[in-house]
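>
Numbering (my numbering), first residue to last: 910 to 974.
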């Protein structure tokens, strides 16, 4: 697998991709705050926080269906 590009990041401060988020959900992370504790997603500049929180909820709902 090649180097991740900025376009693939949903949190560029900590280089978190949507696949990283999905993997954490599959491993039992069910709350956004827990994801933040594990990855720091949305905690640096906060510009992605609203978007990543919505994506987390969407991915969690899809993966639990």
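Note that the Cβ used here is the ideal one computed from N, Cα and C, for glycine as well.
Would you mind sorting residue 951 into buried or exposed? The rule is 16 or more other CB atoms within 10 Å of its CB.
Position 42 of the chain shown holds residue 951. Buried is the call here.
> Quick one: which unbroken alpha helix (DSSP H) runs of 4-plus residues sit fully inside the stretch 918-942? Chain order, please.
Counting only runs of 4 or more, we get 927-935.
> Quick one: using the 10 Å Cβ neighbour count with 16 as the cut-off for buried, is residue 920 buried or exposed?
Residue mapping note: residue 920 aligns to position 11 of the chain shown, counting from 1. Looking at its Cβ environment, which holds 16 or more other Cβ atoms inside 10 Å, residue 920 is buried.
> Given a threshold of 16 other Cβ atoms within 10 Å of its Cβ, counted over all protein chains shown, does residue 943 qualify as buried or as exposed?
Translated into positions along the chain shown, residue 943 becomes position 34. Burial call: exposed.
> Apart from the five residues on each side of it in sequence, which residues of its chain come closer than 6 Å, Cβ to Cβ, to residue 938?
Counting from one through the chain shown, the residue named residue 938 turns up at place 29. Hits under 6 Å: 944.
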